[in-house]
Amino acid sequence: MAPEKLLTIVSMNVQYRTDASCAADSPLLPDPSRHEHPRSSLFSRYFRLRRPRGPETMLSRLLVAAVWFLHFLPLPVLARLGNALGSLIFSLARRRRHIVLVNLGLCFPHLDAHQRRQLAKAHFKVLTRSVLERTLLWWASRQRLSRMIRLEGEERMRALLDAGRPVLLLAPHFVGLDAGGVAIAMRFNSASIYAVQSNPVFDRLLLRGRQRFGDQLLLSRQESVRASVRAMKAGRPLYYLPDMDFGKRDSIFVPFFGVQTATVPGLSRLARLAGAVVIPCVTRLLPGGEGYAVTVGEPWQDFPSADVEADTRRMNTWIEAAVRSMPEQYYWVHRRFKTRPPGDPRPY
Numbered sequence: 001m002a003p004e005k006l007l008t009i010v011s012m013n014v015q016y017r018t019d020a021s022c023a024a025d026s027p028l029l030p031d032p033s034r035h036e037h038p039r040s041s042l043f044s045r046y047f048r049l050r051r052p053r054g055p056e057t058m059l060s061r062l063l064v065a066a067v068w069f070l071h072f073l074p075l076p077v078l079a080r081l082g083n084a085l086g087s088l089i090f091s092l093a094r095r096r097r098h099i100v101l102v103n104l105g106l107c108f109p110h111l112d113a114h115q116r117r118q119l120a121k122a123h124f125k126v127l128t129r130s131v132l133e134r135t136l137l138w139w140a141s142r143q144r145l146s147r148m149i150r151l152e153g154e155e156r157m158r159a160l161l162d163a164g165r166p167v168l169l170l171a172p173h174f175v176g177l178d179a180g181g182v183a184i185a186m187r188f189n190s191a192s193i194y195a196v197q198s199n200p201v202f203d204r205l206l207l208r209g210r211q212r213f214g215d216q217l218l219l220s221r222q223e224s225v226r227a228s229v230r231a232m233k234a235g236r237p238l239y240y241l242p243d244m245d246f247g248k249r250d251s252i253f254v255p256f257f258g259v260q261t262a263t264v265p266g267l268s269r270l271a272r273l274a275g276a277v278v279i280p281c282v283t284r285l286l287p288g289g290e291g292y293a294v295t296v297g298e299p300w301q302d303f304p305s306a307d308v309e310a311d312t313r314r315m316n317t318w319i320e321a322a323v324r325s326m327p328e329q330y331y332w333v334h335r336r337f338k339t340r341p342p343g344d345p346r347p348y
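In structure tokens, the structure reads:
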């Protein structure tokens with residue numbers, strides 16, 4: 001498989017959770033109550049997607065069959081395979097390597113060119129590992145996943161839900177975010193955003209993977225923020241990833257690693273509308289095939305405030321600190337700084 005094609009699949013798997021507008025005045029589209037059974041609502045949308053041609057369908061199915069075999073491999077073997085393939089992709093995928101190096105140059109200007117290149121190579125390794133290990137999230141048994149993914153802070157989150165508090169999980173774009181989502185799904189009936197994929201074969205695969213455990217509510221990106229608020233008020237924690245560049249619409253510019261960055265202020269707005277407690281949720285990919293560690297942190301105090309911009313700056317500051325703790329695991333292949341304030345040059 002061509003390296004750029006693999007990275008396209010990587011992007012597909014990460015972005016499907018996130019692409020949602022969070023403007024408080026977004027129009028309410030379909031009645032969110034009909035999405036209480038996401039299989040019927042989102043799978044019906046599958047049949048309205050562009051149907052791939054026969055050879056394209058066969059190729060997609062062969063690819064799914066090939067990656068299905070990967071979930072039988074021991075985790076250390078998948079880790080070594082991911083590291084080797086990641087090094088190869090780093091060498092061949094020029095465009096994505098350029099994006100990663102630009103991002104690292106903006107965020108870590110104190111590093112020299114060699115250090116940034118080494119960090120970029122480490123990123124491609126863990127990113128590729130996470131893609132291969134995602135086959136376990138789709139097909140491995142609950143018992144195996146329970147051994148593979150450790151969750152810290154479950155009791156803190158459960159106590160809030162038992163007390164009737166809406167919960168908003170802030171989950172930044174680290175490569176292990178899907179493992180974090182599975183850890184939550186195995187314990188809680190939660191909600192998250194789903195963007196329908198253009199390829200029906202991959203769309204069905206991703207949907208089934210997301211719905212393996214419990215009663216998971218998947219909200220389409222076309223639905224308004226009210227659907228997310230309603231889900232949280234109904235007792236579903238919302239697994240929320242706001243740290244991508246979604247363009248100028250509904251974004252504000254606040255610093256991220258000292259760079260003015262287009263950022264969706266949805267965390268503040270959602271927390272205010274739902275009366276939700278914001279809890280950070282960070283997933284770390286462990287070395288040597290040891291699995292994943294998911295940490296549900298302490299609830300944020302004095303959040304949201306009356307100042308949406310200040311709240312969004314606080315979110316970016318916190319994410320920045322989390323990134324510094326494991327810089328190779330942040331999702332650097334995304335063009336995080338593509339939307340610029342008027343007059344600023346485009347970095348890519």
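For the sequence shown, the UniProt record's numbering assigns the number 1 to the initial residue and increments by one for each residue that follows. Just so you know, even glycine gets a beta-carbon here, dropped at the ideal spot from N, CA and C. The structure displayed is predicted, hence computed values, not measured ones.
(Q) Please return the same chain residues whose Cβ sits closer than 8 Å to the Cβ of ASN316, not counting the five positions on each side in sequence. (A) By one-based count along the sequence shown, residue 316 stands at place 316. Apart from sequence neighbours up to five positions away, the residues of its chain that approach ASN316 with a beta-carbon distance below 8 Å are ASP243, VAL254, PRO255, PHE256, THR261 and THR263, ordered along the chain.
Q | Inter-stretch contact (C-beta, 8 Å, three-pair minimum) for the segment 63 to 74 and the segment 85 to 104 | A | Counting C-beta pairs closer than 8 Å gives fewer than three between the segment 63 to 74 and the segment 85 to 104, which falls short of the contact rule.
Q | When ALA113, LEU78, HIS123 and ARG61 are compared against HIS334, the one with the closest alpha-carbon | A | Counting from 1 along the sequence shown, the entry for residue 334 is found at position 334. Shortest Cα-Cα distance from HIS334 to any of ALA113, LEU78, HIS123 and ARG61 involves HIS123.
Q) Among the residues of its own chain, which have a CB less than 7 Å from the CB of CYS348, if the five just before and after it don't count? A) Stepping through the sequence shown from its first residue, residue 348 is reached at position 348. Sequence inspection shows Tyr at residue 348; the Cys mentioned does not correspond to that position. Same-chain partners within the cutoff: ILE99, VAL102, ARG335 and LYS338.
Q: Would you mind working out which of ALA185, ARG340, PHE108 and LEU170 sits nearest SER246, comparing C-alpha positions?
A: As a first step, residue 246 must be located in the sequence shown, where it is residue number 246. The sequence given here has Phe at residue 246, not Ser. Here the closest residue by C-alpha is ARG340.
Q: Output yes or no for whether 9 Å exceeds the beta carbon distance between LEU285 and ALA191.
A: If you number the sequence shown from 1, residue 285 lands on position 285. If you number the sequence shown from 1, residue 191 lands on position 191. No.
**Q.** Residue closest to ALA159, alpha-carbon to alpha-carbon, out of GLN301, GLY235, VAL64 and LEU267
**A.** By one-based count along the sequence shown, residue 159 stands at place 159. Ranking the options by Cα distance to ALA159, first place goes to GLY235.
Q.
Please classify MET58 as buried or exposed, where buried requires at least 16 other C-beta atoms within 10 Å of its C-beta.
A. Position 58 of the sequence shown holds residue 58. Label assigned to MET58: exposed.
(Q) Determine whether the beta carbon atoms of SER150 and GLY291 lie at a separation below 9 Å. (A) The residue given as residue 150 occupies position 150 in the sequence shown. The residue given as residue 291 occupies position 291 in the sequence shown. One point to set straight first is that residue 150 is Arg, not Ser, in the sequence displayed. Going by C-beta atoms, ARG150 is nearer than 9 Å to GLY291.
Q. Quick one: Cα of MET186 to Cα of TYR240, how far?
A. Locating residue 186 in the sequence shown gives position 186, where the first residue counts as 1. Locating residue 240 in the sequence shown gives position 240, where the first residue counts as 1. Answer to the nearest angstrom: the Cα atoms are 17 Å apart.
Q) If you run the structure through DSSP and keep just helix, strand and coil, what is ALA140? A) In the sequence shown, residue 140 corresponds to position 140, counting from 1. Here ALA140 sits in coil by DSSP.
Q: Classify ARG97 as buried or exposed, calling it buried when 16 or more other Cβ atoms lie within 10 Å of its own Cβ.
A: In the sequence shown, the residue the question calls residue 97 occupies position 97. When all chains shown are included, ARG97 counts as buried.
Q: Within its chain, find whatever has a CB closer than 7 Å to the CB of GLY288; leave out the 5 residues flanking it on each side and keep chain order.
A: Residue mapping note: residue 288 aligns to position 288 of the sequence shown, counting from 1. Excluding the 5 residues flanking it on each side, GLY288 has same chain C-beta neighbours closer than 7 Å at PRO76 and ALA79, in chain order.
Q. Just curious, the beta strand (DSSP E) that PRO76 is in, first and last residue?
A. Along the sequence shown, read from residue 1 onward, the residue named residue 76 stands at position 76. Taken as a continuous stretch (DSSP letters only), PRO76 belongs to no beta strand (DSSP E), being part of the alpha helix (DSSP H) at 75 to 92.
Q) Rounded to a whole number of angstroms, what is the C-alpha to C-alpha distance between TRP139 and LEU206? A) Here residue 139 refers to the residue found at position 139 when the sequence shown is read from its first residue. Here residue 206 refers to the residue found at position 206 when the sequence shown is read from its first residue. Distance between the alpha carbons of TRP139 and LEU206: 11 Å.
Q: Could you tell me how far apart the beta carbons of TYR194 and LEU219 are, in whole angstroms, since I believe they sit closer than 8 Å?
A: Working through the sequence shown from its first residue, we reach residue 194 at position 194. Working through the sequence shown from its first residue, we reach residue 219 at position 219. Indeed, because the Cβ distance is near 7 Å, the residues count as touching under 8 Å.
Q) Taking the alpha carbon of ARG144 as the point to measure from, which residue in VAL182, ARG129, GLN115 and GLU154 has its own alpha carbon closest? A) Position 144 of the sequence shown, counted from the first residue, corresponds to residue 144. When VAL182, ARG129, GLN115 and GLU154 are compared, the shortest CA-CA separation from ARG144 is found for VAL182.
Q) Where do the N-terminal and C-terminal ends of the beta strand (DSSP E) with ARG158 fall, by residue? A) Walking along the sequence shown from the start, residue 158 turns up at place 158. Unbroken run through ARG158 is the alpha helix (DSSP H), 154 to 162; no beta strand (DSSP E).
Q. Of the choices PRO345, VAL64 and ASP344, whose alpha-carbon is the least far from that of ASP203?
A. The residue you call residue 203 lines up with position 203 of the sequence shown. Closest option to ASP203, Cα to Cα, is VAL64.
Q. Out of LEU270, PRO342, TYR330 and GLU154, which has the shortest C-alpha to C-alpha gap to HIS173?
A. For the purposes of this step, residue 173 is taken as residue 173 along the sequence shown, with counting starting at 1. The shortest Cα separation from HIS173 among LEU270, PRO342, TYR330 and GLU154 belongs to TYR330.
Q) Taking the Cβ atom as the reference point for each residue, do PRO304 and SER268 lie within a distance shorter than 9 Å? A) Here residue 304 is taken as the residue at index 304 of the sequence shown, counted from 1. Here residue 268 is taken as the residue at index 268 of the sequence shown, counted from 1. Going by C-beta atoms, PRO304 is nearer than 9 Å to SER268.
Q. Does the separation of the CB atoms of VAL126 and GLY153 fall below 9 Å?
A. If you number the sequence shown from 1, residue 126 lands on position 126. If you number the sequence shown from 1, residue 153 lands on position 153. Going by C-beta atoms, VAL126 is not nearer than 9 Å to GLY153.
Q.
Just to confirm the assignment, what range does the alpha helix (DSSP H) spanning SER268 have?
A. Taking the first residue of the sequence shown as position 1, residue 268 is located at position 268. Segment 266 to 274, the alpha helix (DSSP H) holding SER268.
Q: In angstroms with no decimal places, state the Cα-to-Cα distance between PRO32 and TRP332.
A: Here residue 32 refers to the residue found at position 32 of the sequence shown. Here residue 332 refers to the residue found at position 332 of the sequence shown. Caution applies to PRO32, whose pLDDT of 31 falls short of 50 and renders its modelled position unreliable; the model cannot decide the point.
Q.
Quick check on this structure: which residue in ARG249, ALA306 and GLY343 has the alpha carbon closest to the alpha carbon of ARG272?
A. Here residue 272 corresponds to residue number 272 of the sequence shown, with the count starting at 1. Looking at the Cα atoms, ALA306 is the closest of the given residues.
Q.
Looking at VAL296: is its Cβ nearer than 9 Å to the Cβ of PRO280?
A. Numbered from 1 along the sequence shown, position 296 holds the residue referred to as residue 296. Numbered from 1 along the sequence shown, position 280 holds the residue referred to as residue 280. Judged by their CB atoms, VAL296 and PRO280 are nearer to each other than the 9 Å cut-off.
**Q.** Nonlocal neighbours in the same chain, by C-beta distance under 8 Å from ARG346, ignoring five residues either side
**A.** Translated into positions along the sequence shown, residue 346 becomes position 346. Cβ contact annotation for ARG346 (same chain, cutoff 8 Å, sequence separation greater than five): LYS338 and ARG340, in chain order.
Q.
Suppose you measure from the CA of residue 359 to the CA of MET148; what does that come to, to the nearest Å?
A. Residue 359 lies beyond the range of the chain shown here (1 to 348); nothing can be said about it.
(Q) Starting from ALA321, trace the alpha helix (DSSP H) in both directions and tell me its first and last residue. (A) Start at 1 with the first residue of the sequence shown, and residue 321 comes out as number 321. For ALA321, the enclosing alpha helix (DSSP H) begins and ends at 308 to 325.
(Q) What does the Cβ neighbour count give for ARG324, buried or exposed, with the cut at 16 atoms within 10 Å? (A) Locating residue 324 in the sequence shown gives position 324, where the first residue counts as 1. It counts as exposed.
Q: Along the beta strand (DSSP E) that carries VAL333, what are the first and last residues, could you check?
A: Along the sequence shown, one-based indexing puts residue 333 at 333. Here VAL333 belongs to no beta strand (DSSP E), and DSSP marks it neither H nor E.
Q) Which word fits PRO265, buried or exposed, when buried means at least 16 other C-beta atoms lie within 10 angstroms of its C-beta? A) Translated into positions along the sequence shown, residue 265 becomes position 265. When all chains shown are included, PRO265 counts as buried.
Q. Are ASN189 and ASP215 closer than 9 Å when you measure CB to CB?
A. Taking the sequence shown and counting its residues from 1, the one referred to as residue 189 is at position 189. Taking the sequence shown and counting its residues from 1, the one referred to as residue 215 is at position 215. Taking 9 Å as the Cβ cut-off, ASN189 and ASP215 qualify as a contacting pair.
Q) Quick one, are the C-beta atoms of ILE252 and GLU298 less than 9 Å apart? A) Taking the sequence shown and counting its residues from 1, the one referred to as residue 252 is at position 252. Taking the sequence shown and counting its residues from 1, the one referred to as residue 298 is at position 298. Annotated as distal: ILE252 and GLU298, with beta-carbon spacing of 9 Å or more.
Q) By DSSP, does ALA227 sit in helix, in strand, or in coil? A) Counting from 1 along the sequence shown, the entry for residue 227 is found at position 227. Residue state, collapsed to three classes: helix.
Q | Proximal residues to THR135 (C-beta, below 6 Å), its chain only, five neighbours per side dropped | A | Numbered from 1 along the sequence shown, position 135 holds the residue referred to as residue 135. Cβ contact annotation for THR135 (same chain, cutoff 6 Å, sequence separation greater than five): VAL67, LEU70 and HIS71, in chain order.
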